[in-house]
Amino acid sequence: MKLLIVDDSNFIRRAIERHAESFNIKEIRTANTGKAALRALNDFVPDLITMDITMPEMDGLTCVEAIRRVNATSRILVISALSDRSMAVEALKRGANGFLLKPFNEDSLREAVADVLED
Amino acid sequence: METQLKTFVAGAVRYFETVAQQHAEVGLPYLKEPDNDDFLLDCAAVIGISGSYRGCVYFSATREMLEQLMKTVGEQNTHPELVLDFVGEIANTIAGNAQRDLGAGFLISVPVVIQGISTVRLPKEIPHFIIPITWQKHKSFMVIAITNK
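The listed protein sequences derive, respectively, from chains L and C. In terms of numbering that gives the first Met the number 0, the first sequence has 75 at position 76, counting the first letter as 1, and numbering is strictly consecutive. In terms of numbering that gives the first Met the number 0, the second sequence has 38 at position 39, counting the first letter as 1, and numbering is strictly consecutive.
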C-alpha cells in the first residue's frame, strides 16, 4: 500500500510515518503544503492520503477538492484539530472519506485508517 | 469566560492523555498580573484567533519537558527545529479542539513558534488567563487571551 502524508508539521508527518510502518504500508511520501501534495500526485498514486486542514499556501479542504478533480480512487483521511462538527461534514462534502480528530495516537490512527480503507 | 477556560483545560488534559497516555495535572486558571512573566519558558507557540473571537492562545514549555514528551511518544529526534515544531503542534491541537465548544466561528491561525523568553508580544487590551499544566514534574503554561468580537 502507498501513503501520502500531507501536514505542515514535521513532527506530525514523522509521527504518522512512524505509526504507518506497522500498518503494512510499503511506500510513504510526504508533503508539507497542499500545493506540494498536488505536485507529488503528478507521479505518485497513493492508496491513502492523510490530510491536515490548517496549512499555509493551500488549506487541506481546498486541497482535497483539487485532488478529487484528478483522482477519484485514493482514499483521503483528513486529520485535524478543528473539532467543530461542521468541519468534518465539510471535509466529507469536498471528497474526503474520513475524519480523525487530533490529538491521535497509534491506536486511533490505525482504527481511522482501517475505517477509511474498508469503507 | 469560565466556559471558555474549561474548554481549554479539558483540551490540555485530553492532549496528554491521548498522546502520552499519561495524566497531566492542570491547575486552576488565574488572571495574569501585569508584572508576572513566570509563564514565559524556553519554547512557545502562539496561535492567532479570528472569526467570531479575537486574541491569541499561547503555549509555553521548557525544552526539557518537550524533549521528554517527544521521547514518550516515540520520537527520538530532538533537534531544536523539531522541538519548536512540536510545541507549535501542541498549541494548534489544544486551540483547534476548543472549536467544539466555541463554535465554527472560532478560527485559528497556523502557529508562530518562539525560542527564548524575551520575544513575546501579547495583546495588552485583552485579559490573559494562565492555565498551569504539570506533566512528569515539568511545568508548562497555556495562556488564553481571547474576547468575543
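Glycine residues also receive a C-beta, built at the ideal position from the N, C-alpha and C atoms.
Quick one: what's got a C-beta closer than 8 Å to residue i's C-beta in the same chain, skipping five residues either side?
i                  : result
Ile-48 of chain C  : Gly-54, Cys-55, Val-56, Ala-94, Phe-105, Leu-106, Ile-107, Ser-108 and Ile-145
Phe-128 of chain C : Met-0, Leu-4, Pro-28, Tyr-29, Leu-30, Lys-31, Val-142, Ile-143 and Ala-144
Under 7 Å Cβ to Cβ from residue i, same chain only, skipping five residues before and after it: list those, please.
i                 : result
Ile-46 of chain C : Cys-55, Val-56, Ala-90, Asn-91, Ala-94, Ile-107, Ser-108 and Pro-110
Met-0 of chain L  : Asn-23, Ile-24, Lys-25, Asp-46 and Leu-47
Tyr-14 of chain C : Ile-89, Thr-92 and Ile-93
Going by C-alpha distance, which of the options is nearest residue i?
i                  : options                                     : result
Met-86 of chain L  : L:Glu-16, L:Ile-52, L:Glu-56 and L:Phe-103  : L:Ile-52
Ala-39 of chain L  : L:Glu-20, L:Ala-71, L:Leu-2 and L:Ala-14    : L:Leu-2
Phe-7 of chain C   : C:Lys-138, C:Ile-132, C:Glu-80 and C:Leu-39 : C:Ile-132
Asn-140 of chain C : C:Arg-13, C:Gln-3 and C:Gly-26              : Note on residue identity: the sequence assigns Phe, not Asn, to residue 140 of chain C. Taking only the C-alpha atoms, the option nearest Phe-140 of chain C is C:Gly-26.
Leu-39 of chain C  : C:Thr-2, C:Gln-98 and C:Gln-114             : C:Gln-114
Give the C-beta separation of residue i and residue j to the nearest angstrom, bearing in mind that I take them to be a contact with Cβ-Cβ under 8 Å.
i                  : j                  : result
Ser-59 of chain C  : Gly-102 of chain C : At roughly 26 Å, the Cβ-Cβ gap does not stay under 8 Å, so Ser-59 of chain C and Gly-102 of chain C are not in contact.
Asp-7 of chain L   : Met-54 of chain L  : 4 Å
Val-112 of chain L : Ser-73 of chain L  : About 13 Å; that fails the 8 Å criterion.
Let's test the definition: count the other Cβ atoms within 10 Å of the Cβ of residue i and tell me whether it reaches 16, buried, or not, exposed.
i                 : result
Asp-34 of chain C : exposed
Met-0 of chain C  : exposed
Arg-21 of chain L : At residue 21 of chain L the sequence reads Ser, which differs from the Arg that was named. Exposed, because fewer than 16 other Cβ atoms sit within 10 Å of the Cβ of Ser-21 of chain L.
Leu-60 of chain L : buried
Gly-73 of chain C : exposed
Ala-14 of chain L : buried
Leaving aside the five residues before and after residue i along the sequence, list all residues of the same chain whose C-beta is less than 6 Å from its C-beta, in chain order.
i                 : result
Val-12 of chain C : Val-25
Thr-71 of chain C : Ala-19
Taking Cβ-Cβ distances below 9 Å as the criterion, which residues of the stretch 87-98 of chain C are in contact with chain L?
-> Cβ contacts with chain L: Gly-87, Glu-88, Ile-89, Asn-91, Thr-92, Ile-93, Ala-94, Gly-95, Asn-96, Ala-97 and Gln-98.
Looking at chain C, which residues of the stretch 55-84 of chain L have a Cβ within less than 7 Å of any of its Cβ atoms?
-> The residues in question are Pro-55, Ser-79, Ala-80, Leu-81, Ser-82 and Asp-83.
In chain order, what residues of the stretch 8-20 of chain C put their CB closer than 8 Å to some CB of chain L?
-> Legend: CB atoms of the stretch 8-20 of chain C lying less than 8 Å from CB atoms of chain L belong to residues Arg-13, Tyr-14, Thr-17, Val-18 and Gln-20.
Contacting positions in the stretch 95-107 of chain L - beta carbon closer than 9 Å to chain C = Cβ contacts with chain C: Leu-100, Lys-101, Pro-102, Phe-103, Asn-104, Glu-105 and Ser-107.
With 8 Å as the limit, tell me which residues of the stretch 4-18 of chain L have their beta carbon closer than that to any beta carbon of chain C; keep them in chain order.
-> Per Cβ criterion, the list reads Asp-7, Ser-8, Asn-9, Phe-10, Ile-11, Arg-13, Ala-14 and Arg-17.
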